[in-house]
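Trainee: In full-length UniProt numbering, the protein residues as written are 1 to 264.
#1: If the criterion is Cβ atoms closer than 8 Å, does the pair residue 212 and residue 257 meet it?
#2: Between the alpha carbons of residue 126 and residue 64, how many angstroms are there, rounded?
#3: Are residue 253 and residue 210 close, meaning C-beta to C-beta below 8 Å?
#4: Report the CB separation of residue 260 from residue 230 in whole angstroms; it is logged as a contact under 8 Å.
#5: Near residue 160, which residues of its chain fall below 7 Å by C-beta distance, leaving aside the five closest residues on each side in sequence?
#6: How would you label residue 234, buried or exposed, when you count the other beta carbons within 10 angstroms and need 16 or more for buried?
#7: Which residue wins for smallest C-alpha separation from residue 247, given the options 124, 74, 133?
#8: Based on DSSP bridge pairs, tell me the residues matched to residue 240.
#9: Comparing C-alpha positions only, which one of 128, 255, 263, 80 sits nearest to residue 226?
#10: Who pairs with residue 246 in a beta bridge, going by DSSP?
#11: When DSSP builds the beta bridges, which residues end up paired with residue 212?
#12: Use the C-beta contact count for residue 250: other C-beta atoms within 10 angstroms, 16 or more gives buried, fewer gives exposed.
#13: CB of residue 39 to nearest heavy atom of the ligand ZN: below 7 Å?
#14: What is the DSSP secondary structure of residue 87, counted as helix, strand or coil?
#15: Using the Cβ count rule (16 or more neighbours within 10 Å means buried), how would you classify residue 243?
#16: Identify whether residue 130 lies in helix, strand or coil by the three-state DSSP scheme.
#17: Just checking my contact of residue 129 with residue 236 at CB under 8 Å: how many whole Å lie between their CB atoms?
#18: Specify the secondary structure class of residue 39 as computed by DSSP and reduced to three states.
#19: Secondary structure at residue 142, three-state DSSP: helix, strand or coil?
#20: Pick helix, strand or coil for residue 226, following the three-state DSSP scheme.
Given below as structure tokens:
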């Protein structure tokens, strides 16, 4: 006759394995010391675990606060950009309507819209660059619509014979003869055994890398082909890394300026 299998009741979890605290009085002094050391270790471990849990909660709260602050910062930045745009537009409109075009001199009779827009861009560009001067007392140059090369006669453009473009061109035979008569060949020394003539000596090379001041920098930027599509804020940031403050004004070399213009 087969015996039915004996069903054993499962022990509750945590009743087997490991040393468990005993609530019976210790039999010897050594056992009492061991029991006290174990109790101290358990309490220390429990306190450490509780401390880590508290730090985890504080870290989660801090991360939540950081996310909230970042959202607020993005909102404030958007509002600030909007206010700056509105303020610049109001200043722009005010500058337009404050100008009396009828009182302008003929040489100043330029499109008012372009002049005011260029003035705003120049002032913003100057403020961004003058940050590199730090605490030095540097005075920002005033805005001027005339460039350094505009309106100034060039020595190469002055004609010795100004009457050749008049209507009586065919009556100026003597003057034309004076123009096309080249007496330079008579004065040149073509003796190759001697030293070269001063007229054939090598001209001094023009300096290709010079330092420009703020107004010269602005005129150079205006003449660049990428000026109409130039991001002035980003360009000012890149240029400020290469510019220096010298003698109360911002200075940068032409090579560095061209590199920054090509980079943007």
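Positions of the beta carbon are idealized from the N, C-alpha and C atoms, including for glycine.
These numbers were taken from a predicted model, which means no experiment stands behind them.
Mentor: Concretely, from the data shown:
#1: With contacts defined by Cβ atoms closer than 8 Å, residue 212 and residue 257 form a contacting pair.
#2: 40 Å
#3: yes
#4: Going by Cβ atoms, the distance from residue 260 to residue 230 rounds to 10 Å, so no, they are not a contact pair.
#5: With a pLDDT of 44 at residue 160, under the threshold of 50, the modelled position of this residue cannot be trusted; read the value that follows with caution. Around residue 160, the same chain offers no residue with a beta carbon nearer than 7 Å, after the five sequence neighbours per side are excluded.
#6: Result: exposed.
#7: 133
#8: DSSP output for residue 240 lists no bridge partner at all.
#9: Per the Cα distances, 263.
#10: 249
#11: Residue 212 is bridged to 252.
#12: buried
#13: Ligands in the displayed structure: none, and consequently the ligand ZN is not present.
#14: helix
#15: buried
#16: helix
#17: 6 Å
#18: Note: residue 39 maps to helix in three-state DSSP.
#19: coil
#20: coil
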